[in-house]
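Residue numbers (this note's numbering), protein chains in the order written: chain A, 1 to 142; chain B, 143 to 433.
Every residue, glycine too, gets a C-beta built ideally from N, C-alpha and C.
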Amino acid sequence: MTRASEDIIADFQFLEGSDRLQLLLEFSEALPELDARYGDHPELLERVEECQSPVFIAVDGTAAEIRLHFSAPRESPTTRGFASILFSALSSHSADEILELSDDFPTKLGLDHIITPLRVRGMRGMLARIKRKTAELVAKDA
Amino acid sequence: MDQLSKIAEYANPDVLVTTEWLKNNLDNVIVVESDEDILLYETGHIPGAVKLDWHTELNHPLRRDYLESEEFSALMNIKGIGRQDTVVLYGDRSNWWATYAFWVFKLFGHENVLLLDGGRNKWIADGGDITKEKPTVSSKGYPAVERHDSEIRAFRDEVLQHIGQPMVDVRSPEEYSGERMHMPDFPNEGATRGGHIPTAASIPWSKSIQEDETFRPVAELEKLYFENTGYDRSSDFIAYCRIGERSSHSWFVLKYLLGVESVRNYDGSWTEWGNLVGAPIATGSEPGLAD
Chain A
1 MTRASEDIIA DFQFLEGSDR LQLLLEFSEA LPELDARYGD HPELLERVEE CQSPVFIAVD
61 GTAAEIRLHF SAPRESPTTR GFASILFSAL SSHSADEILE LSDDFPTKLG LDHIITPLRV
121 RGMRGMLARI KRKTAELVAK DA
Chain B
143 MDQLSKIAEY ANPDVLVTTE WLKNNLDNVI VVESDEDILL YETGHIPGAV KLDWHTELNH
203 PLRRDYLESE EFSALMNIKG IGRQDTVVLY GDRSNWWATY AFWVFKLFGH ENVLLLDGGR
263 NKWIADGGDI TKEKPTVSSK GYPAVERHDS EIRAFRDEVL QHIGQPMVDV RSPEEYSGER
323 MHMPDFPNEG ATRGGHIPTA ASIPWSKSIQ EDETFRPVAE LEKLYFENTG YDRSSDFIAY
383 CRIGERSSHS WFVLKYLLGV ESVRNYDGSW TEWGNLVGAP IATGSEPGLA D
């Protein structure tokens, strides 16, 4: 677990139902704008099929410092919130740290009762793809 | 055809309102937003609108069922809705979840429920105001009213008896055929078998929607639901999907826009049927035969 991911879990667990939603909303508003390099070349992004709303990811950088990129529409704040959480938890961390993050991370946020299970599974799909792309990137560089 | 003349042709024109109408009547109604994305309301909503969370607020806290009468009246009191109030529902994704909420309001016999044609996106496209300010509401003492399931809700045994009679599967063609057990872009929600209920016609819910998310004109809906199937207004319909939300949308179209006399929503839908031991299933693009 990265320190950032532990902090995020603690922040969510500290709050009650509607405040958790508020925190998710704040995350969604904090998702960084997509890097122009990807904005101009959407074909470099991979669609997360598990998500209900269109969300695209890209992974670059080096094994020592992986960078994550997300694109999700403003009309889908929940999806943006999930993307932003994963960005905060994992971007600029090492490949090893990313691969070590538990697949259960989305569940640990305690959102299951306020967000539909479908949604939480969408976030798991996002995480699985980030891990796979990170592993591919490291294998290519090795 | 303009939106008003289109609405005038529906069997129950009074149940649909336009952005323009709502702008002029905001003070006389209770506006309720019901979205698939449960954070959308917080990013901005119609001024004065309250939020209804279909996932956490309409369902029974333990069983797979809807609220009981006391819980529904408590919910109405939290939202500041009175039994005589006119409720205008709207939401994202062509009112998909707004019609789901509509159906639940009708389970409790709330009389004055209207739907904003085109929903949230049309309101915004028409230049309607959006605010993040949440209204202050107070309880209006909504009475505890009984939930009436029999008229608009179908249960699995009734569905089994109904095979061979008018039934509409409103899921995607791939879910209907059994190629996939969940909607495109949505993860599997837990059915162990794919396919459809034998003899059900495949009419995906979104076919009743135009590009601007408003409903199609009545002539097009008649073609879709009647001409293509051989059913008519006097038919006794059951609609189903995966968990009963998309089929609420088709239920609304059949009952209010086309004026079908009897339409029930099978909310158990595929997540129940596709797991039922011994339940008959057909696969492929044809409705299949009754046993």
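Thinking residue i and residue j are a contact (beta carbons under 8 Å), I'd like their distance in whole angstroms, please.
i: B/ILE129; j: B/ASP195; result: Nothing about residue 129 of chain B can be read from this structure; chain B reaches only from 143 to 433.
i: B/VAL229; j: B/LEU258; result: Rounded, the Cβ-Cβ distance is 11 Å, inconsistent with contact.
i: A/THR169; j: A/ASP141; result: No answer is possible for residue 169 of chain A: the residues shown for chain A start at 1 and end at 142.
i: B/TRP128; j: B/GLU184; result: What is shown of chain B runs 143 to 433, which leaves residue 128 of chain B out entirely.
i: B/SER389; j: B/LEU366; result: About 15 Å; that fails the 8 Å criterion.
i: B/LEU400; j: B/LEU363; result: 6 Å
i: B/LYS221; j: B/VAL287; result: Contact flag wrong, Cβ pair sits at about 15 Å.
i: B/ARG175; j: B/ALA191; result: Per the sequence presented here, residue 175 of chain B reads as Glu, with Arg not at that position. About 5 Å separates the two Cβ atoms, so the contact holds.
i: B/TYR373; j: B/SER344; result: About 13 Å; that fails the 8 Å criterion.
Is the CB of residue i under 8 Å away from at least one CB in chain B?
i: A/SER76; result: yes
i: A/ILE115; result: yes
i: A/LEU24; result: yes
i: A/GLY39; result: no
i: A/SER88; result: no
i: A/SER28; result: yes
i: A/LEU127; result: no
i: A/GLY81; result: yes
i: A/PRO32; result: no
At the level of alpha carbons, what is the spacing between residue i and residue j?
i: A/SER5; j: B/VAL419; result: 42 Å
i: B/LEU164; j: B/GLU213; result: 29 Å
i: B/THR241; j: B/THR334; result: 28 Å
i: B/GLU353; j: A/THR2; result: 45 Å
i: B/SER211; j: A/HIS41; result: 54 Å
i: B/GLU414; j: B/ASP299; result: 12 Å
i: B/ASP327; j: A/MET123; result: Note that B/ASP327 has pLDDT 48, beneath the 50 cutoff, so the model's placement of it is unreliable and the number below is only indicative. Their Cα atoms are separated by approximately 13 Å.
i: A/ALA58; j: B/GLU275; result: 36 Å
i: B/ASP271; j: A/ALA83; result: 28 Å
i: B/GLU316; j: B/ARG322; result: 6 Å
i: A/TYR38; j: A/VAL48; result: 16 Å
i: A/LEU86; j: A/PRO32; result: 12 Å
i: B/ASN154; j: A/THR79; result: 37 Å
i: B/ASN201; j: A/ALA36; result: 43 Å
i: A/LEU24; j: B/PRO203; result: 23 Å
i: B/ASN219; j: B/GLY386; result: 25 Å
i: B/PRO346; j: A/ALA64; result: 48 Å
i: B/THR198; j: A/ALA72; result: 24 Å
i: B/TYR382; j: B/GLU428; result: 17 Å
i: B/PHE126; j: B/ALA243; result: As shown, chain B starts at 143 and ends at 433. That puts residue 126 of chain B outside it, with no answer to give.
i: A/ILE9; j: A/SER88; result: 12 Å
i: A/LYS131; j: A/ARG67; result: 12 Å
i: B/GLY332; j: B/ASP409; result: 15 Å
i: B/HIS304; j: B/PRO189; result: 44 Å
i: B/VAL312; j: B/THR273; result: 34 Å
i: B/PRO277; j: B/LEU182; result: 16 Å
i: A/LEU45; j: A/HIS93; result: 20 Å
What residues are listed by DSSP as bridge partners for residue i?
i: B/LEU434; result: This structure gives no information on residue 434 of chain B, because the portion of chain B shown stretches from 143 to 433.
i: B/ASN201; result: B/TYR208
i: B/ILE172; result: B/VAL229
i: A/ILE66; result: A/GLY61 and A/HIS93
i: B/VAL310; result: B/ALA343 and B/ALA381
i: A/ILE98; result: BP columns for A/ILE98 are empty, so no partner.
i: A/GLU145; result: Because chain A in this structure spans residues 1 to 142, residue 145 of chain A falls outside the shown range and cannot be described.
i: B/LEU158; result: B/LEU257
i: B/ILE351; result: B/PHE357
i: B/TYR408; result: B/TYR382
i: B/HIS187; result: B/THR273
i: B/ALA424; result: B/HIS338
i: B/LYS282; result: Answer by DSSP bridge pairing: none, since B/LYS282 is not bridged.
i: A/SER71; result: A/PHE56
i: B/ARG295; result: B/ASN407
i: B/LYS221; result: None, per the DSSP bridge assignment.
i: B/LYS193; result: B/GLU175
So that I know if they touch, is there some Cβ in chain A lying closer than 8 Å to that of residue i?
i: B/HIS100; result: No answer is possible for residue 100 of chain B: the residues shown for chain B start at 143 and end at 433.
i: B/THR185; result: yes
i: B/LEU431; result: no
i: B/ASP299; result: no
i: B/LEU258; result: no
i: B/ILE180; result: yes
Next on the checklist: Using a Cβ-Cβ cutoff of 9 Å, what residues of the stretch 10-23 of chain A are near chain B? List them in chain order.
Outcome noted: GLY17, LEU21 and GLN22
Checklist entry - Looking at chain A, which residues of the stretch 195-228 of chain B have a Cβ within less than 7 Å of any of its Cβ atoms? => result HIS197 and THR198
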